[in-house]
Every structure is written in structure tokens, then in C-alpha cells.
Amino acid sequence: MKTRLVSLLLAALMVASLIPGFAMAEEVTPAWQKNNAEPIELTWYVNATWWDPSYGQDIVTKKIQADTNITINFMIGDDNNLNTLFAGGDLPDMITLFDSTSLAATSANNWALPLQKLADEYDPYFYQVAAEDTLNWLRLSDGYTYGYPGYSGSERDFDPEYYDIVYPQQAYLMRKDVYEALGEPDMSTPEAFLDTLGKIAEQYPGLTPLGFNAMADSEGALGARFQNLLGVPMLNEDGTWYDRQMDEEYLDWLRVLNQAYRAGYINDDSFSDDGVAFSEKVQIGKYAFIIASGVVNMNPDLQAIYTNDPDAAYVAVEGPASKTGRTPIYSNAGVGGWTITFITNACKDSERAIGLMSYLISDYGEIITFFGIEGETYYIDENGKYILTDEVKEVKNNDPMRYRTEYRMTNFYLFGHDRYNTMGENPTSMDQIYQFGSDKIHAAGLDYIRQQFMLSSINPDANTMESRYLNNITTNWNTTLVSMIRAGSEDDFNTTLNNYKSFRDFNGFEDVVKIYNEKIQQNRVKLGYAE
């Protein structure tokens, strides 16, 4: 009987090992360690003209090259270049996109290799470093996953035990010297908010009282991120899509921002500044108070002002809040992530490519891309924190261009994850920003983070009528939001808002919402919340 049970167990394990995504529990040797004797070259296309295509000239990529014996020839471009690649049929070895819901990504089974098949054949170690939630989320209809993302949040990242490794992407920030000089004001009500901005305008004429992320071609921090800070619901009680733009509390706060604009507390430049201009103003502390989005990505700017004048560094403060007691909804990366990288079916050495992917996803690879080389660029202190050496800190704080070209830590992030930011010592990382503020703010930043996987990838599919509707509506909303805040009167505000509502209705908004709800239901099934 015992022999039969053992035989059945072995048979079950053999069957399970054939299932895409199944991995044995025991440690396995990574492919990049097993097969790295011969030097090879891989061509890697990144669909972003701003990506740094250099390789092997800095600490990080030199180490990647030394460990894997792979030379990467980066190509960069935009959607036109990408379309040309596909049309010509001469694909590179690897491709990185920035939208997991794009037509290229969702049709990857036509031009890329399944990661599960590559892992099964060449690199079972991949299953030990890749997140199961992420792989499952990005599976195509054939049951395989073709691309792996960077900055993908999994369920574990949102478990209370791990809150300290997930940073919120939005916050209210205020210069520490201004905050303290004004008696640490609570700006959570419209009256207190406008009163504080008035005091700033009077006492600090050289500062812009209120700033926010660039809005030149987007809603910046004043759309979904502001809604999160106000605790605007994500879904209706029945689980359907909630129209957050039309939430009354949110609209009331936009009216308050309009009052702030008419009082002169917001400069017109804030609506036309691009991301570079916004960054430069943060670095010199030009804004007294900021409604901030993507705070983690603002680290270099926040670091600059902290280094130049710690007393003027930005801290988290009480800002506009729900009048009905809604809890803020602090968000972070969705399960779909930001970047998404594929190994194409034209790859000249898919075994080495999947090994490189596993290397970069692993803790070992991530620590290299975030901190460099132990003993050379960082050391580990008694608390387990990764601390940059004094020499590296000096370059990072005083010569950012040299830091980027010679070291490149935190810049080679195609498989990055926010949790590695918290492993180091950085006085302007999110936990430090919150630490400077009140206990309530600290608690809000760490305890109110909520996963929003249900709303991931719900936009209509590319090249559909509904996607064109949504593009038109989104473009109109971006200009409407600016126009409402800059309205000359409350009547002008309401007229602009009503015109937007009519525009939505005329441009297929009802059909877009139908797609939203269909995809939310699909996500419920993916996440195991429904059958």
C-alpha cells in the first residue's frame, strides 16, 4: 500500500511539472550561472526615446555583463519605430513596452516566446523569482505569459506585514520651514486650506503657495491621485465602475482650487510647465505646498533640496480631506506593472535571454541595479540596510550626471520593484518624508495603501471604437480640468463642467463604461473573487 502511494505521488508530481507555471520547491541553479561561458550579444529594443542605450560603461551594467557574459545592444524608439520593426519582420532578441494592454502586448503570442515554456526547458529558477500573481495576471488566452513587467504589485506587497516595502504614489508635501513657521497647520478643510495659502502668499512672497505635477498633457496630480487622497470610491457598492470625476466631494475641492487660483495662490505657469520645469522648481523649493503624484519618482528632486537646505526639505502634511470621513486610498503599482519585457521568437539564444530575465528579476540582480556592488558602492549596516559609501553619496548629491553615467544605480529599472527602495538609507524616501510629518500622516501613508487590481487594465482594447471614444474623452477631460480650476467665476466653472458631461455623452461614454464593467468582472475571475 505504501509503495502504491509513493508511486501515485511521483506520478502526480510528474503530471504537475508539465503544467505551465509549475515549479519544484527545491533550489535550482539559475541558467545565467549554468550557461555563461561563451560571450554573446543580444539586441534589446526599448520603446522609449528617453531610455539610456549605453551598456557596459557604468558600475551596474558592467556587473551585469560580467555575471552573465552577455553584451546588450540597446535600440530605442517610439511607436512608429516599433510598428516599423513589426512590419519588417526583423525583430530584435528582446522588446520592452510600456503598456501591457497595448495591441502589441496582447498579441504577443504572435511574435514572442512563452515564458513558462522557456523556464520549463531552460531555467526553472525563473519560477522562484517571478511573482505568481504577476504571471497569472498577464497570461493570454492560450494559458501562457509572454512578457514580464517591472513595478508589478502582487497581493503579498499589500499584506500589512509588508506595508513598509510599498510606497504610496501620492501625498501632500510642504516645505518644512514654512510648515513649522505657520504652526504646523491642518489644511484638511476648505477654510483652513485657503487660509493657510493666504498666509503663505503674505509671508513668503517669493514662493508659489500651491503647486502640483505637470499638467501640460495630462491630469497630473489633480485627477485620480487627488481623488485617492480624498478617499473617492473606486467601485460602486455593487462592484461596478464608479464615476470618480463626478464625485461631489471631489468637485467641491476642485471649486476650492478654483478659489485658490482666483486669489492668486496658483501661478498660470503651473498649467504649462512640463515635467522638467516642475522638477526644477521642486529642487529649489519654489512651491510652499504640493499636491504630489509619483512621489517615489520625485526622489532626485526631493534629494536635491534636502541636500542644499534640510530645513526647507518637503515633509508630509495634512491636506484636503473628505468632509464625510472617507479614508484616503493610497495606491501603488498595479499588478500589470509599468514596463513589460518580452523575448521574441527571433531571439538568437532564448536560453541566455530567459536567464538574463531571471537574473534581473531576482533579489541579487535587483540589489545590483539599485545599489551596485557590495564593498565598492555600498555596505550593509547592523540593521540590514544597504548604505551607499560616502564617496558614492558625494557624487549622487553633488554631481547627478556623473552619478548616472558612472554608477547608474536605480536607473536600470526595466524589471524594478519599489520594495528595493526601502532597503537603503535615503533621507527623502517616502518613509522618511512621512516620518518628518505627524504620526497621523505616517499612519495614513503606511496603513491606507490599498491594492487596486480590480481596476487594472480595464480600458477598451486598442484600435476599437470604444478606445477612440476614451481617447477623445481623456483629452477633453485634461483641458476641462485646467479650465475649471482657471475659471473666472463659479458660473464659468459649472458651464465648463456641464460642457464636459455633454461631450462624454456624445462620444460614447456609455459604451466605454460597459467595457469597464465587463473587464472588472473578468478581473474578479482572474483574482479568484468570482467564477
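All the letters of the sequence shown, read from the start, carry residue numbers 843 to 1373 under the numbering used here.
Ideal placement from N, C-alpha and C gives every residue a C-beta, glycine not left out.
These numbers were taken from a predicted model, which means no experiment stands behind them.
Just the C-alpha distance for residue i and residue j, rounded to the nearest angstrom, thanks.
i: W979; j: I1182; result: 13 Å
i: L1064; j: F1054; result: 8 Å
i: Y1046; j: M1076; result: 38 Å
i: D1116; j: V902; result: 30 Å
i: L933; j: N923; result: 11 Å
i: T948; j: K904; result: 33 Å
i: Y897; j: F916; result: 8 Å
i: V1020; j: F1351; result: 44 Å
i: I1215; j: Y1084; result: 47 Å
i: A1134; j: A1013; result: 5 Å
i: G1073; j: D920; result: 36 Å
i: N1336; j: Y1103; result: 16 Å
i: V1354; j: N1109; result: 35 Å
i: P1302; j: Y1311; result: 9 Å
i: R1067; j: V1137; result: 11 Å
i: A1043; j: V1234; result: 39 Å
i: A1105; j: G995; result: 41 Å
Buried or exposed for residue i, going by 16 or more other Cβ atoms inside 10 Å?
i: F1348; result: exposed
i: K1123; result: buried
i: D1241; result: exposed
i: P895; result: exposed
i: M886; result: In the sequence on display, residue 886 carries Trp and not Met. Buried, since its Cβ has 16 or more Cβ neighbours within 10 Å.
i: Q1087; result: buried
i: S1344; result: exposed
i: D1153; result: exposed
i: D1143; result: buried
i: P881; result: exposed
i: W892; result: exposed
i: D984; result: exposed
i: Q1364; result: exposed
i: K959; result: exposed
i: V1118; result: exposed
i: Y1092; result: buried
i: Q875; result: exposed
i: N925; result: exposed
i: G989; result: buried
i: G1178; result: buried
i: Y1221; result: exposed
I'd like to know whether the C-beta atoms of residue i and residue j end up nearer to each other than 7 Å.
i: F1254; j: T1219; result: no
i: R1250; j: D900; result: yes
i: H1192; j: I1185; result: At residue 1192 the sequence reads Ser, which differs from the His that was named. Yes. Within cutoff.
i: I1300; j: K1361; result: yes
i: Y1228; j: V1237; result: no
i: N878; j: T1082; result: no
i: C1189; j: D935; result: yes
i: V1159; j: M1016; result: yes
i: I912; j: L884; result: yes
i: Y1201; j: T943; result: no
i: N1070; j: I1171; result: yes
i: G1207; j: A873; result: no
i: A1056; j: F1120; result: yes
i: T1322; j: T1338; result: yes
i: L1036; j: L1052; result: no
Under a three-way DSSP split, which group does residue i fall into?
i: V1367; result: helix
i: W892; result: coil
i: D1273; result: Here the model assigns D1273 a pLDDT of 48, short of 50, so the residue's position is not dependable, and the following value carries that caveat. Note: D1273 maps to helix in three-state DSSP.
i: R981; result: strand
i: G1207; result: helix
i: K1282; result: With a pLDDT of 43 at K1282, under the threshold of 50, the modelled position of that residue is not reliable, and the figure given next carries that caveat. K1282: helix per DSSP, three-state reduction.
i: G1287; result: Model confidence at G1287 stands at a pLDDT of 49, short of 50, so the residue's coordinates are unreliable; what they give is reported in the following sentence. G1287: helix per DSSP, three-state reduction.
i: D1347; result: helix
i: I1108; result: coil
i: V1177; result: coil
i: T976; result: helix
i: A858; result: At A858, the pLDDT of 38 sits below 50, so the modelled position is not reliable; the number obtained from the coordinates is stated separately. It is helical.
i: N925; result: helix
i: T1322; result: helix
i: M866; result: Per-residue confidence for M866 stands at a pLDDT of 42, beneath the threshold of 50, marking its modelled position as unreliable; the derived number appears in the next sentence. In the structure shown, M866 sits in coil (DSSP, three-state: anything other than H, G, I, E or B).
According to DSSP, residue i sits in a beta bridge with which residue or residues?
i: F1131; result: M1016 and L1052
i: E1360; result: DSSP output for E1360 lists no bridge partner at all.
i: F916; result: W886
i: P991; result: I1182
i: M936; result: W886 and I1185
i: E1216; result: Y1220
i: W1095; result: In DSSP, W1095 forms no bridge with anything.
i: W1083; result: L1077
i: V1157; result: M1016
i: A954; result: T1186
For residue i, decide whether its Cβ has a neighbour in chain C, counting only Cβ atoms nearer than 7 Å.
i: V1074; result: No chain C appears in the structure shown, which is made up of a single protein chain.
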